[in-house]
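Undergrad:
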Amino acid sequence: MNTNSQKDYPITPIPFTQVRLTDEFWQPRMETNRTVTVPYNLQKCEETGRIDNFAIAAGLMEGKFTGIRFNDSDIFKVIEGAAYTLHTHPDPELDVYLDAIIAKIAAAQEEDGYLFTTRTIAERLGPENLASDAGKTRWSYLKSSHELYNVGHMYEAAVAHYTATGKRNFLDVALKNADLIAATFGPDKLRDVPGHEEIEIGLVKLYRVTGQQKYLDLAKFFVEERGHANGRELGGEYTQDHKPVAEQDEAIGHAVRAGYLYAGIADVAALTGDQALITAIDRIWENVVTKKLYLTGGIGARHQGEAFGDAYELPNATAYNETCAAIANIFWNHRLFLLHGDAKYIDILERTLYNGFLAGIAFNGKEFFYPNPLESDGVYTFNHGTATRQPWFHCSCCPPNVERLIAALPGYVYAQRQDEIYVNLFTSNESTFTIAGSNVSITQATRYPWEGTLKLTITPDAPTAFTLKIRIPGWAQGQPVPGNLYRYVNAETPGIMLTLNGTPVPPEVTQGFATLHRVWQAGDVVTLVLPMPARRVISHPQVTENVGKVALERGPLVYCAEWPDNDRSPFNIVLSDDVLLTTDHRLLGPISDRTTNSITIIQTPPPSTTFIPYYAWSHRGVGEMVVWVKRG
Ligand code: FUB
Ligand code: ZN
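Numbering (our numbering), first residue to last: 524 to 1155.
#1: Indicate whether residue 912 and residue 886 have their beta-carbon atoms separated by less than 7 Å.
#2: Answer yes or no: do residue 680 and residue 599 have a C-beta to C-beta separation smaller than 7 Å?
#3: Is any heavy atom in the ligand ZN found nearer than 6 Å to the beta carbon of residue 1068?
#4: Which partner residues of residue 995 appear in the DSSP bridge assignment?
#5: Taking the alpha-carbon of residue 724 as reference, which of 708, 736, 979 and 743 has the nearest alpha-carbon?
#6: For residue 568, verify whether its CB is less than 6 Å away from any heavy atom of the ligand ZN.
#7: To which residues of the same chain is residue 589 closer than 6 Å at the C-beta, ignoring the five residues directly before and after it?
#8: Can you give me the C-alpha to C-alpha distance between residue 740 and residue 596, rounded to a whole angstrom?
#9: Consider the C-beta atom of residue 845 and the heavy atoms of the ligand ZN; say whether any pair is separated by less than 6 Å.
#10: Looking at the strands, I want to know which residues DSSP matches up with residue 1083.
#11: State the beta-bridge partners of residue 976 as determined by DSSP.
#12: Determine the contact status of residue 1080 and residue 1134, defining contact as a CB-CB distance below 7 Å.
#13: With a threshold of 6 Å on Cβ separation, who are the neighbours of residue 1049 within its own chain once the five nearest residues in sequence on each side are excluded?
#14: Answer yes or no: do residue 1060 and residue 1138 have a C-beta to C-beta separation smaller than 7 Å?
#15: Do residue 545 and residue 952 have their beta-carbon atoms positioned less than 7 Å apart in this structure?
#16: Using the Cα positions of residue 637 and residue 829, report the straight-line distance between them to the nearest angstrom.
#17: With distances taken between CB atoms, is the gap from residue 668 to residue 675 smaller than 7 Å?
#18: Taking the beta strand (DSSP E) that residue 532 belongs to, which residues open and close that run?
#19: What residues match up with residue 1037 in a beta bridge as DSSP calls it?
#20: Going by the C-beta, is residue 1083 closer than 6 Å to any heavy atom of the ligand ZN?
#21: Taking DSSP as the reference, what is the three-state secondary structure of residue 827?
#22: Assign residue 1148 to one of two classes, buried (16 or more other C-beta atoms within 10 Å of its C-beta) or exposed (fewer than that).
#23: Determine, using beta carbons only, whether residue 839 and residue 897 come nearer to each other than 7 Å.
#24: Of the choices 611, 860, 585 and 737, whose alpha-carbon is the least far from that of residue 649?
#25: Taking 6 Å as the cut-off, does the CB of residue 674 come closer than this to any heavy atom belonging to the ligand FUB?
#26: According to the neighbour-count rule (16 or more other Cβ atoms, all chains shown, within 10 Å of its Cβ), is residue 827 buried or exposed?
#27: Thinking C-alpha only, which one of 554, 993 and 1102 is nearest residue 949?
#28: Could you check if residue 925 belongs to the surroundings of the ligand FUB, using beta carbon to heavy atom distance under 6 Å?
#29: Looking only at C-alpha atoms, which of 692, 824 and 982 sits nearest to residue 619?
#30: Could you give the residue range of the beta strand (DSSP E) that holds residue 1021?
#31: Less than 8 Å between the CB atoms is what I'm expecting for residue 940 and residue 534, so what's the real figure, rounded?
#32: On the DSSP bridge list, what partners appear for residue 1142?
#33: Between residue 907 and the ligand FUB, is the CB less than 6 Å from at least one heavy atom?
#34: Classify residue 1162 as buried or exposed, calling it buried when 16 or more other Cβ atoms lie within 10 Å of its own Cβ.
#35: Report the start-end ranges of each alpha helix (DSSP H) in the segment 778 to 851 that is 4 residues or longer and not cut off at the edges.
#36: In chain order, what residues of the same chain lie with their CB nearer than 8 Å to the CB of residue 906, ignoring the 5 residues before and after it?
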């Protein structure tokens, strides 16, 4: 591990290996992820030639390059997710299988560390193997080649694999490649940047695991070199390469690229203390949450360029909202929380997690959305050729990305700053950590997101003084997101109740956290009640598509109206402000399994209108769905 006494995030996540989910919402999804999605993604990588590309590059088998120039990255992400599952569920068969794939990856690596299967195959077997836009020679077309993007994912995967297994077989491949890149790029070397960011995050992970400064320096170089035309043509807005990062103030261009860049900037800023980068990243965040964020936490409004739109350009049916962009948004907001300690970032993370992200994968763990619109007529084939989830894609960045996030989800629940513990996400779990020299366990019991009651049982191995900081979500305080992009029609907030060992404690909320400091004794119990009425939300008037419309939320969930639950088209629903909204538990018809016990919002008197959680839409065939209905 890195032992440098350098700057870093002041807050550290409690690792996912120390948090065991026991809840009914996420734990079954993690199990589906481990038992279905991981093997499914591996099988897809086999079937589609993604693994063979490495074997062919290595000369281990005959064939030709198949697919897109960045297909290498998909198997890296799948390995990363699989490695996380090995931590918690040792699986010798999976371990051996991953080693076999890693052996092919290692064999495909060129003598000097270069790894990019399409070029290696092209050089061995002929130029027809060079995927389009890969660039004629090494590093000659970084704007589009994805040479640096692919290996960024490899670094993340290799660190995950090394951490899970203790084996260096993958890490050594990654380091050899990173050493080549560090020897090639830099202020006195080749001054160019990746056209698709991602390597910055990967390099920081390599730095953390090895303690080698050169990897952090390289990440810093790639961040700072953007927007500087030192002997090259700038990539422009699409790749966030239009002006220096420290001068940027608007989320722009391809949304996944942007999200990974912003996460990478946060990493570099935290590790170097660079205030100009922190100011820039804060400004860009402000821009997103006040002008470019969907209610679901999705980002990237336009299909064209998979890109952010202009301020308030948030169309519903044609919303792109790539699942990978939601994931990037989660990564970015998590890092900003670690930097600033403000709950508003976890609020955005939570909104994205339960809505814009979770819709991206079907309950069965093997069908996926790439774009995530907020409205569908059941006809427009927004999902790269279909109007419902698909079992993989030709360009299949999203399915492995979903896998790696779900596998690591418990790592987002808690965080620690010296003798402070942050309770960020609400989900039943058992966790252990060390604080002020004591071993402490926290058991969290809740039916979140269906109910807003939370019970925390604290068990230190000896009485220990520390501070417990429990997030009070913005939605519970009458504000869906910071700023005025969205607001509740009725901002009145029912009282939040906090008790300690049965005695009410007035919640003192600082930076969005209720703070309790005391000498904790084994068996201390804290309860938090966050009332969860169904609430109407409206948009800023400049979101033209939503003028005269209203959406419904309950707790962290955004709701939608879908065709099977309503006897009229969801497009014809009119919801007046005075009609009573009641909530109910119900099973979503034929898609019943343990995870589908949903809450609906019913309009009385009849005709009732039923809304289901947005993440659950499109499980019962193809048809109409709307998030924003007419306000009567
Ligand atoms: O370019 C690699 C990935 O493919 C991007 O992150 C996605 O948006 C998709 O275009
Ligand atoms: Zn994607």
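All residues carry an ideal CB built from backbone N, CA and C; glycine is no exception. As the structure is a computational prediction, the values presented were derived from the model and not from experiment.
TA: On the basis of the data shown:
#1: The sequence position of residue 912 within the sequence shown is 389, counting from 1. The sequence position of residue 886 within the sequence shown is 363, counting from 1. Cβ distance not < 7 Å, so residue 912 and residue 886 don't count as in contact.
#2: Here residue 680 is taken as the residue at index 157 of the sequence shown, counted from 1. Here residue 599 is taken as the residue at index 76 of the sequence shown, counted from 1. Yes. Within cutoff.
#3: Here residue 1068 is taken as the residue at index 545 of the sequence shown, counted from 1. Residue 1068 Cβ: outside cutoff for every heavy atom of the ligand ZN.
#4: Stepping through the sequence shown from its first residue, residue 995 is reached at position 472. Bridge partners of residue 995: none, in fact.
#5: Stepping through the sequence shown from its first residue, residue 724 is reached at position 201. Per the Cα distances, 743.
#6: Within the sequence shown, the letter at position 45 stands for residue 568. Checking every heavy atom of the ligand ZN against the Cβ of residue 568, none is found closer than 6 Å.
#7: If you number the sequence shown from 1, residue 589 lands on position 66. So the list reads 572, once near-sequence residues are dropped.
#8: Residue numbering aside, residue 740 sits at position 217 when the sequence shown is read from its first letter. Residue numbering aside, residue 596 sits at position 73 when the sequence shown is read from its first letter. Each residue's Cα considered, the two are about 23 Å apart.
#9: What you label residue 845 is simply residue 322 of the sequence shown in a count that begins at 1. Yes, since a heavy atom of the ligand ZN falls inside the 6 Å radius drawn around the Cβ of residue 845.
#10: Position 560 of the sequence shown, counted from the first residue, corresponds to residue 1083. Residue 1083 is bridged to 1135.
#11: On the sequence shown, residue 976 is found 453 positions in, with the first residue counted as 1. In the DSSP output, where bridge partners are listed per residue, residue 976 has 1052.
#12: The residue you call residue 1080 lines up with position 557 of the sequence shown. The residue you call residue 1134 lines up with position 611 of the sequence shown. Not in contact: residue 1080 and residue 1134 (Cβ atoms no closer than 7 Å).
#13: What you label residue 1049 is simply residue 526 of the sequence shown in a count that begins at 1. The answer, listed in chain order, is 979 and 1023.
#14: Looking up residue 1060 in the sequence shown gives position 537. Looking up residue 1138 in the sequence shown gives position 615. No, the pair does not count as a contact, with Cβ atoms beyond the cut-off.
#15: Numbered from 1 along the sequence shown, position 429 holds the residue referred to as residue 952. Numbered from 1 along the sequence shown, position 22 holds the residue referred to as residue 545. Contact: yes.
#16: Residue mapping note: residue 637 aligns to position 114 of the sequence shown, counting from 1. Residue mapping note: residue 829 aligns to position 306 of the sequence shown, counting from 1. Using only the alpha carbons, I get a separation of about 29 Å.
#17: In the sequence shown, residue 668 corresponds to position 145, counting from 1. In the sequence shown, residue 675 corresponds to position 152, counting from 1. Contact: no.
#18: Within the sequence shown, residue 532 is the residue found at index 9, counting from 1. Element bounds for residue 532: n/a, residue is neither H nor E.
#19: By 1-based counting over the sequence shown, the position of residue 1037 is 514. The partner list for residue 1037 (beta bridge, DSSP) reads 993 and 1032.
#20: On the sequence shown, residue 1083 is found 560 positions in, with the first residue counted as 1. No, the ligand ZN has no heavy atom inside 6 Å of this Cβ.
#21: By one-based count along the sequence shown, residue 827 stands at place 304. Helix.
#22: Taking the first residue of the sequence shown as 1, we reach residue 1148 at position 625. Burial call: buried.
#23: Residue mapping note: residue 839 aligns to position 316 of the sequence shown, counting from 1. Residue mapping note: residue 897 aligns to position 374 of the sequence shown, counting from 1. Against a cut-off of 7 Å, the Cβ pair of residue 897 and residue 839 comes out as a contact.
#24: Mapped onto the sequence shown, residue 649 falls at position 126. For residue 649, the nearest C-alpha among the options comes from 585.
#25: The count along the sequence shown starts at 1 and reaches residue 674 at position 151. Checking the Cβ of residue 674 against the ligand FUB gives no.
#26: Position 304 of the sequence shown, counted from the first residue, corresponds to residue 827. It counts as exposed.
#27: Walking along the sequence shown from the start, residue 949 turns up at place 426. The option with the nearest alpha carbon to residue 949 is 993.
#28: As a first step, residue 925 is located in the sequence shown; it is residue number 402 there, counting from the start. Not so, every heavy atom of the ligand FUB lies at least 6 Å from the Cβ.
#29: As a position in the sequence shown, residue 619 is number 96, starting the count at 1. Closest option to residue 619, Cα to Cα, is 692.
#30: Mapped onto the sequence shown, residue 1021 falls at position 498. Unbroken beta strand (DSSP E) run through residue 1021: 1020 to 1023.
#31: Against the sequence shown, residue 940 aligns to sequence position 417. Against the sequence shown, residue 534 aligns to sequence position 11. Contact flag correct, Cβ pair sits at about 5 Å.
#32: Your numbering for residue 1142 matches position 619 in the sequence shown. Answer by DSSP bridge pairing: none, since residue 1142 is not bridged.
#33: One-based indexing of the sequence shown puts residue 907 at position 384. Incorrect: residue 907 has no Cβ contact closer than 6 Å to the ligand FUB.
#34: Residue 1162 is absent from the structure shown; the chain starts at 524 and stops at 1155.
#35: 778 to 795 and 798 to 810
#36: Residue numbering aside, residue 906 sits at position 383 when the sequence shown is read from its first letter. Within the same chain, residue 906 has close Cβ partners 892, 893, 894, 912 and 913.
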